[in-house]
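A short worksheet on the structure shown next.
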Ligand SMILES: Nc1ncnc2c1ncn2[C@@H]1O[C@H](COP(=O)(O)OP(=O)(O)O)[C@@H](O)[C@H]1O
Ligand SMILES: [Mg+2]
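The following block contains the structure:
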C-alpha cells in the first residue's frame, strides 16, 4: 500500500464516529445507486428475454415455414380473466413427428390441458374459468415455456371436430422478436432511470459533500505541512474510492436481494423469472471496478475546487440574491394552464369541450414552463418564507430560523428542488395515468361484446350462443367481398358494396330502436330495410337499392341477395353500439340465411364487469374456440397502463425516499457543523426548547413552502392534462392522493431530522476551537 | 458572592481539577492564571454552571449550582451570568446590534428599553458604525467588543471570560479589556477572567494561580 493510501485509510479511521457515519452514508448511497443502476442496466435484457420466450412458443404457420410439412393444427384464443391475460393455444391433429413447444414434454391429447402453474391453480378453483377450457389439466408448463412466473397460459388438446378451420403449423418458434411483448415495456428502463437515478445522484452528491468544511480544514492542514497538491488529491481520491468500492460490493449484494423481490411482487407492474436478472462474478467485478474509479474521480474533482480556492472554506461565500423574475416562468406556465382547467367548470354540464391544436400546444408548453418554473422559483419562495419568518414581530425561534434561511446555500435548494420535482412528477403522472386508465378501460354502464365463432363445431352451437341471456343482442353478417379489379377507390356505391361487402344487421325492431336510441315508426317485424346514417343519405356511402350480393348460408352454400327499396335513415347510427354506418337491417331474431360461419354475434351486457366474465364463460363453454371481444376493454392498453403505473409509482417512491434521505442527511450535517453556534446560544441561557424550535422551523419551513408549491402546480398540471384529453369529467383528486403521502414522508423526515440535531448536553469540547 | 469549593473533575484518566477552590466578590475582577492545561478553563466552566464537577460545591449567594437541574442553570445563566470567549462566538446570522440585544430579549426586556441599552453599549464600545453588519463582516476586535457588550447588556452579576483577548493583538486586547472592566464596575458586576497574559492579569483586582488542577493565591 502506498503512503497516500495508508494516510487515506488512517484519515477514514481517525474521523471518529462522525467520520464513520459519513463513510457509512456514502457506502449506502453508492450501494443504492449501484443496485438501482444495475436494475436499469439489466432490465432491457430481462425484457428481451421475455420477448424471446414469447417468440419461441409462437406457432409457425406452414405457409411461412419454407417447405416444412404441417405437423399440427392450432388456434390462438386471446382471453382474459378479470383483467389478466389468459392466452390459450388450441391444438388438434398433432402429428407424431411434431416437436412440442418449450416448457412441454409432449403435446396434450384431445381432452388434455397443459397449463402454467398459475393457470392450473385458477382452473382448479374457478369453475367459471374452467368452463371456458375443455379437458383436464394433465401437466404444467415449465418456466422455459412461460414469460413470467404468474402468467396464465395453456395448451389445450382438441378433437378435429372441436377445432374446425384450425391454422396449419409446422412447429413452434418464429425467428424474430415478439415486438408486441417488447413494446409493452419499452419505457420501463427509461422511466426508472430518470425517476430513480437522478435522486440517487443528488443523494450521492450530498453524502460526498458531508462534513465538507471539516475535511477542507483537514486538507488545508496537510497542505500547510507541505504536502503537494497532487498528493492531497490522491489522498482524497483514495478516501472516496474506498467508499465507492465498498458501496459497489454492498450494491451488488443489495441488488441480489432486491431483484428477486421486484421480480416477483409486481412493483413494476409485471413479474419475471429472477434467474434472468442474476449477476455473475464477472458482472460483479465490473460493477465494483466502475464504482471505485468513478467515486475516486469524483472525490478528487470535488476537492480540486476547494484546493484552488483555499480560503473558500473560511470566507462565507455570498449566495446569489433571489430575483423576482425567477417567478415569471412559473406564473406564465400556470397562466397557460388555467383556461383549460377553468373552462369545463364554466361550460354547461355534460358538454364536451374540444381544444384546438394551438390551445393544446399552449397548455403543454404551460406544463413544461411550470415544471421548470418550480425549480427556478425555489430560491425566491424560500427567501419569501424566510422573510416572513424573520419579521421583527415574529417569535424568536422563528426569527432566528428565518435569518438562517435567508442565506440558505445552493446545496439545500438543490435537494429541495429534487423533492419538489418528484412530488410534481407524482402529481402529473397521476393525471396522465388516470387518463391512460380511462383510455384502456373507460367507465361504462354496459359492455358491448362481439363473438366470432367461425370455428365452432356446428351452426347449432352458434345459434345457441346467439340466444344467450343479455340486455340486447343482434347479429351482423357480411356479404362476400371481391378484391378490386383495378386500383383506386370505388367509383359508385354499387362498386363499393362489391368491394367491401355488405353488412346485414339482424335484430327485432324493438331491439334496434333501443340500440340506436331512436324511434323507428316504419320498422315492421320481418321487414328488410336499407339502414343508413342520416348524414350519409345520398352519398356514395349509402347502400344502393337493387344491388345483388352473395351471402353464405349454414351449410356454406352461396345465396344471392338483392338490397331492398325501403330505407331507414338514422341520426348518429355510426356512433351507436351497432358500429355500422351503412348496411341492411333485417327486423327478425334469426339471420336470414341461418347461423353461417361468418355471422358474428353482438351483445350488450350490463355492468358490473363480473357479468362480462360470466358471459364470456357461457360463450366459451359452448365454443372454446370462439373469439370474444369486449369493446372498450383493451387488454394490451390495460397491461401497458399497469406497467407504467407500477414503474412510475415505484420509481417516484424510491426516488422520493432517496431525496428525503439526502435532505435529512444534509440537514443533520449542517446542524453538526453549526453545533458550536447552538452551544453558544445555550450558554447565553436560551432555553433548549427555543433552540430546538428554531432548528425545526429552519428545516420544516422551506420544506413546507416548496412542497406546497409543488403540490399546487402538480395538481393543476395533472388536471390540465386530464381536461385536454377530456376523458375524465370534473376535477380529479387522485393527483393529491399521490402527492400528499409523498409530502408527508418529506415532512416527517424533516421533523425527524429537526428533532435529532440538537443535543441536550453542553460539552466542554464544544466550547473550544480546534 | 460566588465561591467554588474543593472542585475535582476528570476527563477519563486526565485529572483537570484536583481540589481547586476560588471565590469572587461583588464587583471584583479575578484573574485565573497558569500554564496551559492547568485547568483554568475547566474551573471557569464549573463556576459558571456549564460543567458539573465530580465533587465539590459552587455556591452563588447560598445556592449550590451543582445541585440545580439543567433548566434552572439555563435560567441562571440567562439572568445572572454573561460570557466572553476567545473567539467572539456571536450568532452569525444576526447583526452585531441583534446579537447584543439577544440576552435582553431572552430576559423579556421591552423593545424600547432594549434599543436604548444597545445603543448605549454600541456607543460606549465604539462600534456604532458596524452595528448593522453581520459578525463575518467586521474585524476580530470589533466582534469581540460586540461580544463584551452582549455579555454585559442584561447587567449580569458575574461575567465569565475565557481568554477574551487571546485572539487579539495587544493594542486591541487592552481596549477590549478596559471596556469590559469599566462597564462591569458601573453595574457592580463581578468578572472571572482566564488568561495567560501577565499584562491582562495586571488589570485584575486579584489573581488566582492554577497549577495541575489546583488553585492557590
Ligand atoms: N473535553 C476534554 N476531554 C479530555 N480532556 C480535556 C478536555 N478538556 C480539557 N481536557 C484536559 O483537562 C486539562 C485541563 O484543561 P483546561 O481546563 O482546558 O486547561 P487550560 O484552560 O488551563 O489550558 C488538560 O490536561 C486538558 O488536556
Ligand atoms: Mg483554556
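Residue numbers (this note's numbering), protein chains in the order written: chain A, 1 to 770; chain B, 1001 to 1217. Glycine included, every Cβ here is placed at the ideal spot set by N, Cα and C.
Whether residue 511 of chain A touches residue 606 of chain A by CB criterion (8 Å): Reading the first chain from its first residue, position 511 is the one you call residue 511 of chain A. Reading the first chain from its first residue, position 606 is the one you call residue 606 of chain A. The answer is no: Cβ separation not under 8 Å.
Whole beta strand (DSSP E) elements within the stretch 324–378 of chain A, 3-residue minimum: Segments of the beta strand (DSSP E) lying fully in the stretch 324–378 of chain A: there are none.
Proximity test, Cβ basis, 8 Å: residue 739 of chain A and chain B: For this step, residue 739 of chain A is matched to residue 739 along the first chain. Cβ-Cβ to chain B under 8 Å: no for residue 739 of chain A.
Contacts that residue 1193 of chain B makes with chain A (C-beta to C-beta distance below 9 Å): By one-based count along the second chain, residue 1193 of chain B stands at place 193. Chain A residues near residue 1193 of chain B: none, gap ~16 Å exceeds 9 Å.
Member of B:1132, B:1107, B:1186, B:1213 whose CA lies at the smallest distance from the CA of residue 684 of chain A: One-based indexing of the first chain puts residue 684 of chain A at position 684. The candidate whose alpha carbon is nearest that of residue 684 of chain A is B:1107.
CB contact below 8 Å: residue 396 of chain A versus chain B: Counting from one through the first chain, the residue named residue 396 of chain A turns up at place 396. Yes - at least one Cβ of chain B is within 8 Å of the one on residue 396 of chain A.
Listed by chain order, chain B residues near residue 683 of chain A by CB distance under 7 Å: Here the question's residue 683 of chain A lines up with position 683 in the first chain. Under the 7 Å cutoff, chain B gives 1050, 1077, 1083.
Contacting positions in the stretch 1156–1171 of chain B - beta carbon closer than 7 Å to chain A: Going along the stretch 1156–1171 of chain B in chain order, one finds no residue with a Cβ nearer than 7 Å to chain A.
Min CB distance residue 669 of chain A to chain B below 8 Å: Sequence index remark: in the first chain, residue 669 of chain A carries index 669 (1-based). No, its Cβ sits nowhere closer than 8 Å to a Cβ of chain B.
Cβ-Cβ distance between residue 371 of chain A and residue 416 of chain A below 8 Å: Here residue 371 of chain A corresponds to residue number 371 of the first chain, with the count starting at 1. Here residue 416 of chain A corresponds to residue number 416 of the first chain, with the count starting at 1. Not in contact: residue 371 of chain A and residue 416 of chain A (Cβ atoms no closer than 8 Å).
Whole runs of the beta strand (DSSP E) within the stretch 1007–1058 of chain B, excluding any shorter than 3 residues: Note on the stretch 1007–1058 of chain B: whole beta strand (DSSP E) runs with a minimum of 3 residues are 1014–1024, 1029–1033, in chain order.
Segment limits, alpha helix (DSSP H) that includes residue 721 of chain A: Residue mapping note: residue 721 of chain A aligns to position 721 of the first chain, counting from 1. Taken as a continuous stretch (DSSP letters only), the alpha helix (DSSP H) holding residue 721 of chain A covers 688–725.
Secondary structure of residue 640 of chain A, DSSP reduced to three states: If you number the first chain from 1, residue 640 of chain A lands on position 640. Three-state DSSP puts residue 640 of chain A in a helix.
Test: residue 701 of chain A CB closer than 8 Å to a CB of chain B: Stepping through the first chain from its first residue, residue 701 of chain A is reached at position 701. It does not; no Cβ of chain B falls within 8 Å.
is_contact[residue 1092 of chain B, chain A] using C-beta, thresh 8 Å: The sequence position of residue 1092 of chain B within the second chain is 92, counting from 1. Chain A contact via Cβ: present.
CB contact check: residue 696 of chain A to chain B, cutoff 8 Å: Here residue 696 of chain A is taken as the residue at index 696 of the first chain, counted from 1. No, its Cβ sits nowhere closer than 8 Å to a Cβ of chain B.
Residue-chain proximity (residue 404 of chain A, chain B), Cβ-Cβ < 8 Å: Counting from 1 along the first chain, the entry for residue 404 of chain A is found at position 404. Interface residue, yes.
Rounded C-alpha distance that separates residue 1083 of chain B from residue 403 of chain A: Walking along the second chain from the start, residue 1083 of chain B turns up at place 83. Walking along the first chain from the start, residue 403 of chain A turns up at place 403. When the Cα atoms are used, residue 1083 of chain B and residue 403 of chain A turn out to be separated by approximately 23 Å.
Own chain residues within Cβ distance below 6 Å of residue 561 of chain A, not counting five before or after: Against the first chain, residue 561 of chain A aligns to sequence position 561. Hits under 6 Å: 549, 551.
Neighbour flag for residue 246 of chain A against chain B, beta carbons, 8 Å: For the purposes of this step, residue 246 of chain A is taken as residue 246 along the first chain, with counting starting at 1. Under the Cβ distance rule, residue 246 of chain A does not count among the residues neighbouring chain B, no pair being separated by less than 8 Å.
For residue 483 of chain A: DSSP bridge partner residues: By 1-based counting over the first chain, the position of residue 483 of chain A is 483. Bridge partners of residue 483 of chain A: none, in fact.
Beta strand (DSSP E) runs wholly inside the stretch 605–689 of chain A, at least 3 long, in chain order: Given a length threshold of 3 residues, each whole run of the beta strand (DSSP E) inside the stretch 605–689 of chain A is given here in chain order: 627–630.
heavy atom of ligand 1 below 7 Å from residue 1038 of chain B C-beta: Walking along the second chain from the start, residue 1038 of chain B turns up at place 38. Result yes, Cβ under 7 Å from ligand 1.
Boundaries (first-last residue) of the beta strand (DSSP E) holding residue 528 of chain A: The sequence position of residue 528 of chain A within the first chain is 528, counting from 1. Counting along the chain, the beta strand (DSSP E) containing residue 528 of chain A begins and ends at 528–533.
Beta carbon proximity, residue 413 of chain A to chain B, threshold 8 Å: Here residue 413 of chain A refers to the residue found at position 413 when the first chain is read from its first residue. No, residue 413 of chain A lies away from the interface with chain B (no Cβ there is under 8 Å from its Cβ).
Amino acids of chain A, ordered along the chain, whose beta-carbon sits closer than 7 Å to that of residue 1103 of chain B: As a first step, residue 1103 of chain B must be located in the second chain, where it is residue number 103. Within chain A, the residues near residue 1103 of chain B are 684.
Inter-stretch contact at 8 Å, needing at least 3 Cβ pairs: the stretch 689–705 of chain A / the stretch 1107–1127 of chain B: Two segments are said to touch when three or more pairs of C-beta atoms, one from each, lie closer than 8 Å; by this definition the stretch 689–705 of chain A does not touch the stretch 1107–1127 of chain B.
Residue-level contact to chain B via CB, residue 666 of chain A, 8 Å cutoff: One-based indexing of the first chain puts residue 666 of chain A at position 666. Any Cβ of chain B closer than 8 Å to the Cβ of residue 666 of chain A would place that residue at the interface, and such an atom is absent.
Interface residues of chain A facing residue 1074 of chain B [CB-CB closer than 8 Å]: Counting from 1 along the second chain, the entry for residue 1074 of chain B is found at position 74. For the C-beta of residue 1074 of chain B, the chain A residues within less than 8 Å are, from N- to C-terminus, 682, 685, 686, 687, 688.
Interface flag, residue 677 of chain A vs chain B, CB-CB below 8 Å: Stepping through the first chain from its first residue, residue 677 of chain A is reached at position 677. Residue 677 of chain A counts as touching chain B.
Between the CA atoms of residue 703 of chain A and residue 263 of chain A - distance to the nearest angstrom: As a working note, residue 263 of chain A is residue 263 in the first chain. As a working note, residue 703 of chain A is residue 703 in the first chain. Distance between the alpha carbons of residue 263 of chain A and residue 703 of chain A: 35 Å.
Residue-level contact to chain B via CB, residue 786 of chain A, 8 Å cutoff: In the structure as shown, chain A starts at 1 and stops at 770, and residue 786 of chain A therefore has no counterpart that could be examined.
Neighbouring residues, chain A, relative to residue 1089 of chain B (Cβ below 7 Å): Position 89 of the second chain holds residue 1089 of chain B. Going along chain A in sequence order, the residues near residue 1089 of chain B (Cβ under 7 Å) are 680.
DSSP state of residue 1159 of chain B mapped onto helix, strand, coil: For the purposes of this step, residue 1159 of chain B is identified with residue 159 of the second chain, where counting begins at 1. In the structure shown, the three-state DSSP call for residue 1159 of chain B is strand.
Closest by C-alpha distance to residue 546 of chain A, when choosing among A:554, A:557, A:556, A:528: For the purposes of this step, residue 546 of chain A is identified with residue 546 of the first chain, where counting begins at 1. Per the C-alpha coordinates, the member of A:554, A:557, A:556, A:528 positioned closest to residue 546 of chain A is A:528.
Beta-bridge partners of residue 552 of chain A, as assigned by DSSP: Counting from 1 along the first chain, the entry for residue 552 of chain A is found at position 552. Residue 552 of chain A is bridged to A:558.
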